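J.: Taking the working numbering, the leading residue of the sequence shown gets 816, the next gets one more, and so forth. Beta carbons: idealized from backbone N, C-alpha and C, even for Gly. Note that the structure is a prediction, hence the values are computed from the model and not measured.
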Amino acid sequence: MGGKGSLTLFHVRGLPVRVHYTFLIILPYLAWIIGRSAPLLAQLAGVEVADLVLPRYVLGTVLALGLFACVLVHEFAHIGVGIKGGGQFSGVTLMLVGGVSEVVELPKRPVWELAMAIAGPLASVLLAVIGFAAFGLFAMPPDLRFGVFYLAYVNFALALFNLVPAFPMDGGRILRSVLSMLTNRVRATRIAAVTGQIFAGLFLLAGIYTLNWVLLLIGALVIVGARAELEMAKVGALFDGLTVAQAMQPFVPTVDENDRVSAVLERMARELKTTFFITRDGQVVGAITAVEARRLDERGDGTLRVGEAAKREVPLLSPDQELGKASRILRTSGLSALPVMRDGALVGQLTLAAMAAAVRERDAHKLVALRDRKAT
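1. Using a threshold of 8 angstroms, state whether the C-beta atoms of Met931 and His893 are closer than that.
2. Using a Cβ distance threshold of 8 angstroms, determine whether the stretch 1069 to 1089 contacts the stretch 1099 to 1110, with at least three qualifying pairs required.
3. Which class does Gly817 belong to by DSSP, given the choice of helix, strand or coil?
4. Between the Cα of Lys1088 and those of Glu1072, Thr1094, Pro983, Val1067, spot the shortest distance and give me the residue it belongs to.
5. Within the continuous beta strand (DSSP E) that includes Ala1152, where are the two ends?
6. On the criterion of 16 or more Cβ atoms from any shown chain inside 10 Å, does His1180 qualify as buried, or is it exposed?
7. Please name the residue, chosen from Ala853, Gly875, Leu1053, that lies closest to Ala803 on a Cα-to-Cα basis.
8. In the stretch 999 to 1087, which residue ranges form an unbroken beta strand (DSSP E) of at least 3 residues, counting only runs that do not cross its ends?
9. Which parts of the stretch 912 to 963 are runs of the beta strand (DSSP E), unbroken and 3 residues or longer, counting only runs that do not cross its ends?
10. Does Ile1093 pass the burial test, meaning 16 or more other C-beta atoms within 10 Å, or should it be called exposed?
11. With C-beta atoms as the reference, is Gly913 less than 8 angstroms away from Asp985?
12. Apart from the five residues just before and just after Leu1131, which ones in its own chain have a Cβ nearer than 7 angstroms to its Cβ?
13. I'd like the list of long-range same chain contacts for Leu1080, defined as Cβ closer than 7 angstroms, with 5 residues on each side in sequence excluded.
14. By a C-beta neighbour count over all protein chains shown, 10 Å radius and 16 as the cutoff for buried, is Phe1014 buried or exposed?
15. Considering Val1106, what are the terminal residues of the alpha helix (DSSP H) in which it resides?
16. Assign Phe891 to one of three DSSP states: helix, strand, or coil.
17. Under three-state DSSP, which class holds Glu1137?
18. Name the residue from Asp1158, Glu1137, Leu1165 whose alpha carbon lies nearest to the alpha carbon of Leu1150.
19. Excluding the five sequence neighbours on either side, which residues of its own chain have a C-beta within less than 7 angstroms of the C-beta of Gly881, listed in chain order?
20. Pairs of beta-carbons, one from the stretch 899 to 910 and one from the stretch 968 to 975, closer than 8 angstroms: are there three or more?
21. Between which two residues does the beta strand (DSSP E) carrying Met867 extend?
22. Going by CA-CA distance only, name the one from Ala1060, Pro922, Glu1072, Asp1158 that's closest to Ala1172.
23. By a C-beta neighbour count over all protein chains shown, 10 Å radius and 16 as the cutoff for buried, is Met996 buried or exposed?
24. Nearest to Gly829 by CA position, among Cys885, Gly850, Phe891, is which residue?
25. Which same chain residues, not among the five before or five after Val886, have their C-beta less than 8 angstroms away from its C-beta?
26. Just to confirm, is the Cβ distance from Leu1031 to Leu1045 under 8 angstroms?
27. Apply the 10 Å Cβ neighbour rule to Leu859 and answer buried if 16 or more other Cβ atoms are within range, or exposed otherwise.
28. Are the CB atoms of Arg991 and Ala1007 within a distance shorter than 8 angstroms?
29. Alpha carbon to alpha carbon, how far is Leu822 from Leu839? Give it in angstroms, no decimals.
30. By the three-class DSSP mapping on this structure, what secondary structure does Leu822 have?
31. Given Arg1120, which residues of its chain have a CB within under 8 angstroms of its CB, disregarding the five upstream and five downstream residues?
32. In angstroms with no decimal places, state the Cα-to-Cα distance between Gly902 and Gln1136.
33. Consult DSSP for Arg851 and reduce its assignment to one of helix, strand or coil.
34. Hey, how far is the Cα of Pro831 from the Cα of Ser916?
35. Of all the options Tyr968, Gln1012, Gly875, Phe950, which has the alpha carbon lying nearest to the alpha carbon of Gly814?
36. Grouping DSSP H, G and I as helix and E and B as strand, with all else coil, what is Arg1175?
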């Protein structure tokens, strides 16, 4: 299984490729659009519709799947360059409007973010060039000629569309990376986000005027994407210079996987804790929250062990990890705390309250240092 609302299909170099449930909406829609446009597309490709072997909507389905394969090439071009620049990714998800590279950490230097953003459109242009070259140089059966022309054309259009300077399109990231060379990342993101919202407004107006639900959806996603990027940049600036070691709490509430759920629930109430980490031979193998423990206890007979039904796949943090990155992992984990491991040993836990305390302490030290400099 994948993340919420998605299913993992396969892995590429350890990164999962997932499909979101909205993919099931757009796939038949694209197949229908391609099938309906077959006469015009065939004419542009120099193919007679009557010569096509596959029924037009079957051909539409095949080409829709081919298009999403091209989208994967586009996204992994981003990822390949991003990793070289020090970025980190958790996978790729295919969804309603194409593909999304799930960024855990952006490259530190703006020039690498710029290269990462440009890599996707360049990959699409390269696919288009290869497709048009094959179309012009080689004799092909009608169905293949039709498909190669369509995918080459759409890849070129995809590259151009992605250059629109609006998040989450690549053009928004290109604009932000260029601005980051001239100012700080938060201000650059704010300018790029405002620019993106202007384009979002244009998409929405065009969608209303033409009654095109795709343009309306793109406009809405651009607004959401711009806000998400701005929030991410603000969080990164808030925790700038801090590591997990400076914020983690040394006390870690743990339970053994063989402990009864009812006993864990009683302990939570006694110690006023909402999350316990589940261990096996000293290693963290899961976590259980108060909500989960209460639900499991109500359904069981008092003998259920936490290791039998508790939450799994708990992200593990490192003391040397940047606090901004750790905060994003914590906020998306669905837990109120995450374990911190050093050399296989559990050394602490990270909570939102602990992160806030670390920020306050850092800012207080800065104020004291500033006051001392003024005094001298």
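T.: Working from what's here:
1. Position 116 of the sequence shown holds residue 931. Position 78 of the sequence shown holds residue 893. Yes, they are a contact pair.
2. yes
3. Stepping through the sequence shown from its first residue, residue 817 is reached at position 2. Note that Gly817 scores 46 on pLDDT, short of 50, meaning its location in the model is unreliable; the coordinates nonetheless yield the value given after this. Note: Gly817 maps to coil in three-state DSSP.
4. Here residue 1088 is taken as the residue at index 273 of the sequence shown, counted from 1. When only C-alpha atoms are compared, the closest one is Val1067.
5. Along the sequence shown, one-based indexing puts residue 1152 at 337. First-last of the beta strand (DSSP E) with Ala1152: 1152 to 1157.
6. For the purposes of this step, residue 1180 is taken as the residue at position 365 of the sequence shown. Taking all protein chains shown into account, His1180 has fewer than 16 neighbouring C-beta atoms within 10 Å of its C-beta and is therefore exposed.
7. A question about residue 803 goes unanswered here, because the residues of the chain that appear run from 816 up to 1191.
8. 1069 to 1071
9. 913 to 920
10. Stepping through the sequence shown from its first residue, residue 1093 is reached at position 278. Label assigned to Ile1093: buried.
11. One-based indexing of the sequence shown puts residue 913 at position 98. One-based indexing of the sequence shown puts residue 985 at position 170. Contact flag unset, no.
12. By 1-based counting over the sequence shown, the position of residue 1131 is 316. Only Val1099, Pro1154, Met1156 meet the Cβ criterion.
13. Position 265 of the sequence shown holds residue 1080. Taken in chain order, the residues that qualify are Ala1108, Arg1109, Asp1112.
14. Here residue 1014 refers to the residue found at position 199 of the sequence shown. Buried: at least 16 other Cβ atoms inside 10 Å.
15. Taking the sequence shown and counting its residues from 1, the one referred to as residue 1106 is at position 291. Its alpha helix (DSSP H) spans residues 1105 to 1114.
16. Here the question's residue 891 lines up with position 76 in the sequence shown. Helix, per DSSP.
17. On the sequence shown, position 322 is the one that residue 1137 refers to. In the structure shown, Glu1137 sits in a strand (DSSP, three-state: E or B).
18. Taking the first residue of the sequence shown as position 1, residue 1150 is located at position 335. The shortest Cα separation from Leu1150 among Asp1158, Glu1137, Leu1165 belongs to Leu1165.
19. Position 66 of the sequence shown, counted from the start, is the residue given in the question as residue 881. The beta carbon of Gly881 sits closer than 7 angstroms to those of Gly962, Leu966, all from its chain and outside the five residues before and after it, given in chain order.
20. no
21. Indexing the sequence shown from 1 puts residue 867 at position 52. It is worth fixing the name first, because residue 867 is Leu in this sequence and not Met. Counting along the chain, Leu867 falls outside any beta strand (DSSP E), and DSSP gives it neither H nor E.
22. Taking the sequence shown and counting its residues from 1, the one referred to as residue 1172 is at position 357. Of the listed residues, the one whose Cα sits closest to Ala1172 is Ala1060.
23. Residue mapping note: residue 996 aligns to position 181 of the sequence shown, counting from 1. It is exposed - the Cβ of Met996 has fewer than 16 other Cβ atoms within 10 Å.
24. Residue mapping note: residue 829 aligns to position 14 of the sequence shown, counting from 1. Checked all of Cys885, Gly850, Phe891; the closest Cα to Gly829 is Phe891.
25. As a first step, residue 886 must be located in the sequence shown, where it is residue number 71. So the list reads Leu909, Gly913, Gly914, Leu973, once near-sequence residues are dropped.
26. Walking along the sequence shown from the start, residue 1031 turns up at place 216. Walking along the sequence shown from the start, residue 1045 turns up at place 230. It is not a contact, given that the beta carbons lie outside the stated cut-off.
27. On the sequence shown, residue 859 is found 44 positions in, with the first residue counted as 1. Around the beta carbon of Leu859, a 10 Å sphere encloses fewer than 16 other beta carbons of the protein chains shown; the residue is thus reported as exposed.
28. Stepping through the sequence shown from its first residue, residue 1007 is reached at position 192. Stepping through the sequence shown from its first residue, residue 991 is reached at position 176. Yes, they are a contact pair.
29. Here residue 839 refers to the residue found at position 24 of the sequence shown. Here residue 822 refers to the residue found at position 7 of the sequence shown. C-alpha of Leu839 to C-alpha of Leu822: approximately 11 angstroms in a straight line.
30. Start at 1 with the first residue of the sequence shown, and residue 822 comes out as number 7. Correct three-state label for Leu822: strand.
31. On the sequence shown, position 305 is the one that residue 1120 refers to. Closer than 8 angstroms at Cβ, skipping near neighbours: Glu1072, Asn1073, Asp1074, Arg1075, Val1076.
32. Position 87 of the sequence shown, counted from the start, is the residue given in the question as residue 902. Position 321 of the sequence shown, counted from the start, is the residue given in the question as residue 1136. Those two C-alpha atoms are separated by around 14 angstroms.
33. If you number the sequence shown from 1, residue 851 lands on position 36. In this structure, Arg851 counts as helix in the three-state DSSP scheme.
34. The count along the sequence shown starts at 1 and reaches residue 831 at position 16. The count along the sequence shown starts at 1 and reaches residue 916 at position 101. Cα to Cα, the separation comes out at about 11 angstroms.
35. Outside the displayed range of the chain (816 to 1191) lies residue 814, so it cannot be described from this structure.
36. Your numbering for residue 1175 matches position 360 in the sequence shown. Helix, per DSSP.
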